[in-house]
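With the numbering used here applied, the sequence shown covers 525 to 1069. Structure first, commentary second.
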Amino acid sequence: MNPDADDTGLRPEIALAWHRATLSGLDHGMPVRESHISDVDRQSRLVVAAAPVLDSMVTELTDTRFSVLLADKSSRIVDRRMGRRGLDRALDQVMAFPGARYLEEISGTNSLATAYELRRPISVTGEEHFLEALRVFCCYGAPIIHPVTNRLEGVLDVSGPVEDATTLLRPFLMRAVRDIQQRLLEGSRMAEKRLLAEFQTHAATRKHAVIVLGEDLVLSNSAAIDVIKSADHAALRAIAAEMGSGPAVEHLLMLSSGSPAVVRARSVAETAGGVLFEVEPTTSKPALHRSRSHRRARDTDRQSLQETGVVLIIGEPGTGRTTTARILAGADATLADAAGADTDDAGYLSFVRAALAGKDPVIIDNVQALDARACAVITPAVRSAACPVILTSSPLADLGAEQSALAAEALSRRELRPVRLYKHEFSALVTSVLRDLERDSKLCVTPSALEVLSTHPWPGNIRELRTVLAHAARGRTQGDVTDADLPDTHRTSAGRDLSLMELAERDAIIAALRASGGNKLAAAEQLGIGRTTLYQRLRRYRISG
């Protein structure tokens, strides 16, 4: 018996890992839970640094039954190598393939997930695995720690059949980990030299703000120090993540100071995500959410309301449809909320028709909640109304035929963006909502907290963001809002931030599923893709149903 084992027969670290798996709702007999599958960045700093080391490991493992798995800093497998063909099927059966995330709450106790959890090397052999499906393996895993930042970069794992277990796994694996860490160090030094050279070339010839952002490096000239605040770094990094290694881009950005600026960004070659930014002030202002206390309806919107008579405001729940309508219509407007009324009640329809017969503006809120009979009564009344009318609605794809006919009476439309599409403007949006909560607020959300918040999908949009920030502020009017101030539901990153193209694809899939009543085959046909491709996208974007 192992002298280090407890009364369960398990080593203490394995027993604790089993306890965590039980708390996660796992059962010994269940398979590895399906995780969110995502694309692997083959040009990431870790993958590039590890590639030659993995090549060497596989050469040494030739004709053995061992495999090598490399996971990134989120424990997502990014590379898989095998010493002998035919092992791929066994690994596929336990979801151990590139793109899958291996965590203890998904796969129980194993050297990849548990080394990630403990941040130290560990071996897990046969019966020590929590899930029976993994007990055919022996494995050893170790974290990869960056020598400069001391941050976790990933986990390296060697696994094979339990009958091939050997004590030689540990030194073999640890040597490979040290080699990868050394290559990360050398790569960081070369990347820093390239970033510094690029910065010196531009900063010496520019009077405006120049800033270079690397994974663990920030370089600013004196102009940038005056203009770019710490809260703006999250917006700049969002731009960098969106452009990847693509061509130079230009954005209109509202800085956290409240000043608009033109931001030109271009990637720096061979620096693993390094980007050079040039920031110049401008008089143009990007379209952002405006708080209720500061917001003023635009002259063009009022003119549209006067000229066309009917304006349609479209947006997802929580984007501020009602607030926008009230600002546009003014204090004398009559509000007829379809979501809060019994539209089968003759009294509601009489109230709406009487309001439309008057001279003051009328807001018909939540058109999507009206049934066919109510639409049939209200549509002609809106068409003949002499007063200004504002309709608010969820996205047009959610409307039925009768609701769409009512919405069609509006010749002017204003679509409100969901929070997830603000991307590099997210920092300015957060600042605006904070000012809405307290006009004289001097609170500042730290870059790390902004980065965490920016990855959330925000199904409740502005309403949800206001609730989260109100919780984080807790009545304060100055100081920093950090990760620790956020509610538990929003304190951790929701995963990889999606690009605008991915967000558009995700929204199109959700709309197709709604239109098809959840029929995946019909949705795939509507989207023009195969059913297998649709299932892959459902897993990638975590879409259920």
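All residues carry an ideal CB built from backbone N, CA and C; glycine is no exception.
Identity of the residues DSSP links to residue i by a beta bridge
| i | result |
| --- | --- |
| D1004 | C968 |
| Y664 | S647, V682 |
| M581 | Answer is none; M581 lacks a bridge partner. |
| R625 | R600 |
| P1011 | BP columns for P1011 are empty, so no partner. |
| L593 | R604, D681 |
| E939 | I838 |
| H775 | V787 |
| P805 | A785 |
| D861 | D889 |
| I1034 | In DSSP, I1034 forms no bridge with anything. |
Burial state of residue i (16 or more Cβ within 10 Å)
| i | result |
| --- | --- |
| N674 | exposed |
| T638 | buried |
| G1054 | exposed |
| H995 | exposed |
| A898 | buried |
| I749 | exposed |
| G632 | buried |
| S817 | Caution is warranted here: a pLDDT of 35 is assigned to S817, below 50, making its placement in the model unreliable, and the coordinate value is therefore given only provisionally. Exposed: under 16 other Cβ atoms inside 10 Å. |
| H980 | buried |
| N1043 | exposed |
| A1059 | Reading the sequence as shown, one finds Tyr at residue 1059 and not Ala. Its Cβ having fewer than 16 others within 10 Å, Y1059 is exposed. |
| A700 | buried |
| D866 | exposed |
| E687 | exposed |
| S562 | buried |
| T795 | buried |
| E840 | buried |
| I1033 | buried |
Cβ pair residue i, residue j closer than 9 angstroms
| i | j | result |
| --- | --- | --- |
| L732 | V799 | It should be pointed out that residue 732 corresponds to His in this sequence rather than to Leu. The answer is no: Cβ separation not under 9 angstroms. |
| T1057 | A755 | no |
| D861 | D889 | yes |
| A934 | V913 | yes |
| L940 | I837 | yes |
| E766 | K947 | yes |
| V957 | R998 | no |
| P667 | Y640 | yes |
| F482 | A759 | Since the first residue of the chain shown is 525 and the last is 1069, residue 482 is not available in this structure. |
| R1030 | R1061 | yes |
| R845 | T916 | yes |
| I752 | I735 | yes |
| R1038 | A893 | no |
| L961 | L993 | yes |
| G684 | R589 | yes |
| V602 | S559 | no |
| V886 | A853 | yes |
| E656 | G553 | yes |
| S599 | L636 | yes |
| P671 | Q705 | yes |
| N745 | R761 | no |
When the options are compared against residue i, the one with the closest alpha-carbon
| i | options | result |
| --- | --- | --- |
| A574 | R987, G711, G999, I1053 | G711 |
| A978 | E651, D579, V943, A996 | What sits at residue 978 in the sequence shown is Ser, not Ala. Measuring from the Cα of S978, the nearest candidate turns out to be V943. |
| S591 | S568, D681, P784, S918 | D681 |
| C911 | V835, T848, A921 | V835 |
| T858 | D866, D884, R877, A689 | D884 |
| F654 | L570, L693, L547 | L547 |
| H726 | A700, H670, V792 | V792 |
| T1006 | E975, L880, V876 | E975 |
| L676 | L708, S647, F696 | L708 |
| A1071 | D703, S918, S781, L777 | The chain is shown from 525 up to 1069; residue 1071 falls before or after that span and cannot be answered. |
| A689 | L642, G650, A1008 | G650 |
| S580 | Q724, L873, E558, D703 | D703 |
| V660 | L642, L611, R644, M698 | L611 |
| R643 | D616, A595, A657, E656 | A595 |
| G665 | D1012, G678, A747 | G678 |
| T970 | T843, A952, T806 | A952 |
| G842 | L692, G553, V648, N985 | N985 |
| L693 | T848, V876, C663, P576 | C663 |
| P555 | R544, G533, E629, D565 | E629 |
| S936 | G833, L593, L570, V572 | G833 |
| L930 | C968, R938, V891, A881 | V891 |
| A1028 | D1004, G1003, L945 | L945 |
| T806 | A796, E794, T795, L779 | L779 |
| L873 | A849, T903, P695 | T903 |
| P771 | R613, S1040, L658, F801 | F801 |
- Cβ contact (3+ pairs, closer than 8 angstroms) linking the region 620-637 and the region 572-590: Inter-segment contact for the region 620-637 and the region 572-590 is absent: fewer than three beta-carbon pairs are separated by less than 8 angstroms.
- Message: Below 8 angstroms, how does it come out for the region 738-751 and the region 926-944: are there three or more Cβ pairs, yes or no?
- Response: The region 738-751 vs the region 926-944: no contact.
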